[in-house]
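Numbering (our numbering), first residue to last: 45 to 88.
Next comes the structure, spelled out in structure tokens:
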């Protein structure tokens, strides 16, 4: 299953990490307009 997360700041990022950790989704795709948040998410 593929899941999209709009907004990968503190809440969205935590949710995306948890979805992967619990194997709820094979792939998690995030969308973020804030460059700092997007860069941090790429490192995870």
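Note that CB positions come from ideal geometry on N, CA and C, so glycine has one too. Computed from a prediction, not measured in an experiment: that's the story for all the values here.
Next on the checklist: Out of 52, 46, 56 and 60, which one is the CA nearest neighbour of residue 10?
Outcome noted: Because the chain in this structure spans residues 45 to 88, residue 10 falls outside the shown range and cannot be described.
Next on the checklist: Spatial neighbours of residue 85 within its chain, please: C-beta separation below 7 Å, excluding the five flanking residues on both sides.
Outcome noted: 52, 57, 74 and 76
Item to check | Segment limits, alpha helix (DSSP H) that includes residue 57 | outcome: 54 to 65
Next on the checklist: Could you compute how far the alpha carbon of residue 82 sits from the alpha carbon of residue 63?
Outcome noted: 18 Å
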